[in-house]
Amino acid sequence: MTSYLYALGAILCWASLPAAVGSGLSGLSTESLMFYSFVPAALYLYLQNVALTRSLRLYVPGLTASLWGVAGIFGYHWVYYMAMNNAPLAEAAILATTWSFWIVVFSSVLVFRRIKGSVLATALMGMAGAALVISAGKALSFDAAYMKGYLQALLCGLIWSSFSMALPRLDTRHSPMAAFTVYAAALSTALFLLTGPHPVPDARSLASAVYVGLVPLGLSFFLWNRALATGNLSIIGFLSYLTPPLAVLLVALIHGQHVPGRVLLGMGVIIAASILGKVAVGGGGARESLNGSDKASA
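Quick note on numbering: the UniProt record's numbering labels position 112 of the sequence shown as 112, and the sequence is numbered without any gaps.
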């Protein structure tokens, strides 16, 4: 049960982004956003690691694990930001959220050696609920002119789902998330310098980027790793469908906005899919994790 609380914590971190920063990131280029968010994220995770291990030494995983980390942390976010720039927001967001679907499908294949029809049906049900929320009643239009952005968004789903599936299986003695984020910060800094000069962001944009680094990146990485280390990946995949409706609800709660009925309907569909999905994958038989306290530690 604790692993799913960690997963929900990470999901809340991601869902908090629209309510916390609003349009505060609109004035930042992709390179600036990567730099101003990943540097605080790396610093946060390093200091957290120091507090938890009581050591200034940063654990550095092997080459294979490090390459997975670069692809999953830096690669995902770089491709995600490009997708958001190259395609309409709603359509790109729906395609990017396919990582939840792929986690459910991949974990089903690993556990059952095939794609169970019931698991596939509930995964598609959750995807439909997420699409219902993201579209918020607006007509979706997949224009061929934005094909590059659509493909980038789909690639996001494959990158994050593959990384999430691999994370608990990487041959590491301790959690590698701090090192992965340091890699991402270093690459983001290099990218920022190579594509410069960049204008100094205003106070609001800078504060928004730092929030992204500390919460939707730093804290969420720590919680996500804890969740994946000990939890049922299929169920975690179903839970992650809750990110879009929770984002809408947080905006409504904090900013006093109206919640469209279609958003509530979509959330109901996602919750129903999660319950049915838990039945489809079984109680504990689909658990895919690596045991050991080191895998669950930060």
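Where is the CB? At the ideal position from N, CA and C, for every residue including glycine.
query: Would I94 and A131 be called neighbours here (beta carbons separated by less than 9 angstroms)?; result: yes
query: Can you give the beta carbon distance from R226 to S3, rounded, assuming they're within the 8 angstroms contact cut?; result: 7 angstroms
query: Please report the residue range of the alpha helix (DSSP H) in which L56 lies.; result: Here L56 belongs to no alpha helix (DSSP H), and DSSP marks it neither H nor E.
query: For the pair the segment 21–40 and the segment 144–158, tell me if three or more CB-CB distances fall below 8 angstroms.; result: no
query: Spatial neighbours of Y211 within its chain, please: C-beta separation below 7 angstroms, excluding the five flanking residues on both sides.; result: A20, V21
query: Looking only at C-alpha atoms, which of V133, L187, A179 sits nearest to G266?; result: V133
query: Which stretch, first to last residue, makes up the alpha helix (DSSP H) that contains L158?; result: 147–166
query: Among the residues of its own chain, which have a CB less than 6 angstroms from the CB of G218, if the five just before and after it don't count?; result: A41, Y44, L45
query: Roughly how many angstroms separate the alpha carbons of S100 and T195, rounded to a whole number?; result: 33 angstroms
query: Ends of the alpha helix (DSSP H) at F222?; result: 220–230
query: Can you tell me whether P197 is buried or exposed? The criterion is at least 16 other CB atoms within 10 Å of its CB, across all chains shown.; result: exposed
query: Within 8 angstroms, do at least three Cβ pairs link the segment 233–247 to the segment 7–19?; result: yes
query: Which residues in the same chain as A296 place their Cβ atom closer than 7 angstroms to its Cβ, once the five residues preceding and following it in sequence are excluded?; result: For A296, the pLDDT reaches just 39, beneath the cut-off of 50, and the residue's location in the model is therefore unreliable, although a value from the coordinates is still provided. So the list reads R226, A229, T230, once near-sequence residues are dropped.
query: On the three-state DSSP scale, how would you describe P40?; result: helix
query: Quick one: is residue 367 buried, meaning 16 or more other Cβ sit within 10 Å of its Cβ, or exposed?; result: Here the chain comprises residues numbered 1 to 298, so residue 367 is not present and cannot be evaluated.
query: On the three-state DSSP scale, how would you describe G278?; result: Rather than Gly, the amino acid found at residue 278 in this sequence is Lys. Here K278 sits in helix by DSSP.
query: In whole angstroms, what separates the C-alpha of A1 from that of D143?; result: The residue asked about is misnamed: residue 1 is Met in this sequence, not Ala. Approximately 42 angstroms between the Cα atoms of the pair.
query: Under a three-way DSSP split, which group does P61 fall into?; result: coil
query: Any idea if V182 is buried or exposed, counting beta-carbon neighbours within 10 angstroms, 16 or more meaning buried?; result: buried
query: Taking the alpha helix (DSSP H) that G9 belongs to, which residues open and close that run?; result: 2–21
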